[in-house]
Amino acid sequence: MQITGLRYGKQLLDLVEFPAAKMLTGGATKEEIQELLDESGKVVVKPFFYGGVGKKGKSGLIRIVDNVHDAMKAKEELYFASHNWGAKTVRANGVTFEEYIESDIEVYFSISVSTRLRKPIFIISTYGGVDIETLPPEKKHSTWIDPFIGIKSFDLTNVLGDMGCPQQYISPLVQTLPKLWELYDNYGLTTIELNPIRMKKVENRYVPIGCDLKAAFDQDNPGWRRLGLPKTIFQADVTPFEAEINLLRTYQGQSDVLELNPEGTIVPFMFGGGANSAATETLGTKGIFSSDFGGNPPYDKMYDISRIVFKHWYDQANVLLIIGGKANNTDIYVTFKGMFDALRDHVSRHGKRPIYTVVGRGGPNLIRGMFYGKDILDRLKLPYKMFGYDSSMIGVLDYARQIDDWWAEKGRAAYEKKFKS
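Count along the sequence shown starting at 1, add 1233, and that's the number in the numbering used here.
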């Protein structure tokens, strides 16, 4: 997801005239906040994060207040709040003050593409306000959408009736929800999710109000550019490690990293998209980051990448993993020389901490590169295992996982005992 919340979500909903909760940004004055309080009785204060950051409510980062003093106090506490999201800690970049909607029902509604049906589908539930994945099948319903027709009113009527939706809410929902297909279809979205939609009574009728929104875009579809959204919505928090590596992006060779598990114990140098996919999935939480250093990087670039990697992660790692398929044009000797020279220099400057090296690679100058790495590892008296191009990549990755467990349990202790005696 690139958008969460109403800071930019309300802008999307306004395009198709889908009602959304009134919202003020963190720069709102006390007078503006008081006006919102006078109208709705309460205000919901939420931190704003770039990128698709969720689970804020479960982490205690959403406050409901009924006076300006508490609203400003919540702003002070949440404006730069830290939040554990996945394996990362992210920091807020402001707050929003949102209208509080009283409602005895919360509706979940989303549009996305089914990977099974290869068609757009909508999912709806009258038990919203919670993670849709936690609901049993009988409390949610999915229907595929004909792209040439859009969302059909009778589909919504039938589904809401079958789910036991109160009769007074069915007609307003049937009239309003199809607007989201227009938004999804015209502006390059891959997913849009409203959770919850609350029913607000306005005079003698009920109006569905979007109170929270998540959205993801296909950046190759130019439709999203017509929304006028800032490009920063596609930026998540960048870690110091990622920022340093990103400075090395040049015309030759890739330097793509994504820090996944800062508590991991395997440092993975991945070469190629296939190795990236296989290693990221197989290593799981053991892999510290996901990477792709393919594209025949020159020596200086490979050395600098490795120097940064070792600076950040050498001291906590059990295993140094170098993994890739059989390269077509990447010079294995050059890349290995860059990595192992950086390892040698790091140990020379900062001291040696025992680490086990696992290599699985193929391509031009493979033997020369492996012997170069072997010579440095032998001089450093560090253990290693090298696999050639005819070895199974998954087998090498499984071996690295097993070595990681063994090294942590008894391998390192046995190594230290051997070389201290």
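Even glycine gets a Cβ: it sits at the ideal position worked out from N, Cα and C.
Pull up the DSSP beta-bridge partners for residue 1510, would you.
Per DSSP, none; premise fails for residue 1510.
For residue 1426, which of 1564, 1648, 1624, 1235 has the nearest alpha-carbon?
1235
First and last residue of the alpha helix (DSSP H) that includes residue 1580?
1565-1583
Assess contact between the segment 1490-1509 and the segment 1555-1570, defined as three or more Cβ pairs (one per stretch) separated by less than 8 Å. Is contact present?
yes
In the DSSP output, which residue or residues are listed as bridge partners for residue 1605?
BP columns for residue 1605 are empty, so no partner.
Going by Cα to Cα distance, which pick from 1395, 1356, 1648 is closest to residue 1378?
1356
Please check the pair residue 1684 and residue 1552, which I expect to be a contact at CB under 8 Å, by giving their CB distance rounded to whole angstroms.
Here the chain covers residues 1234 to 1654 and nothing more, so residue 1684 does not appear.
Can you tell me which of 1311, 1238, 1335, 1369 puts its alpha carbon nearest to the alpha carbon of residue 1441?
1335
Rounded straight-line distance, which links the Cα of residue 1428 to that of residue 1289
13 Å
In the DSSP assignment, find the beta strand (DSSP E) that holds residue 1364 and state where it starts and stops.
Neither: residue 1364 is in no beta strand (DSSP E) and is coded neither H nor E.
Bridge partners of residue 1316, per DSSP?
1323
What is the C-beta distance between residue 1539 and residue 1571, in whole angstroms, given that I count them as a contact (C-beta under 8 Å)?
6 Å
Residue 1409 - containing alpha helix (DSSP H), residue span
1400-1409
Report yes if the C-beta distance between residue 1307 and residue 1314 is below 7 Å; otherwise report no.
no
With DSSP as the reference, please indicate the residues paired to residue 1341 in a beta bridge.
1358
Please return the same chain residues whose Cβ sits closer than 6 Å to the Cβ of residue 1182, not counting the five positions on each side in sequence.
Residue numbering for the chain in the displayed model covers 1234 to 1654; residue 1182 lies beyond these limits and cannot be assessed.
Residue 1367 versus residue 1249: straight-line alpha-carbon distance, rounded:
30 Å
Does the separation of the CB atoms of residue 1331 and residue 1254 fall below 7 Å?
yes
Between the C-alpha atoms of residue 1273 and residue 1513, what's the straight-line distance to the nearest angstrom?
47 Å
Coil, strand or helix - residue 1536 by DSSP
helix
If residue 1259 sits next to residue 1446, beta carbons under 8 Å apart, how far is it from one beta carbon to the other, in whole angstroms?
18 Å between Cβ atoms; not a contact.
DSSP bridge partner residues for residue 1557 (one or two, in chain order)
1504
Excluding the 5 residues preceding and the 5 following residue 1575 in the sequence, name in chain order all residues of the same chain whose CB lies nearer than 7 Å to its CB.
1536, 1539, 1540, 1543
Taking just the CA atoms, how far does residue 1387 sit from residue 1402?
15 Å
How is residue 1427 classed by DSSP in three states: helix, strand or coil?
strand
Roughly how many angstroms lie between the CA atoms of residue 1309 and residue 1262, to the nearest whole one?
14 Å
What are the partner residues of residue 1329, as DSSP defines its beta bridges?
1258, 1279
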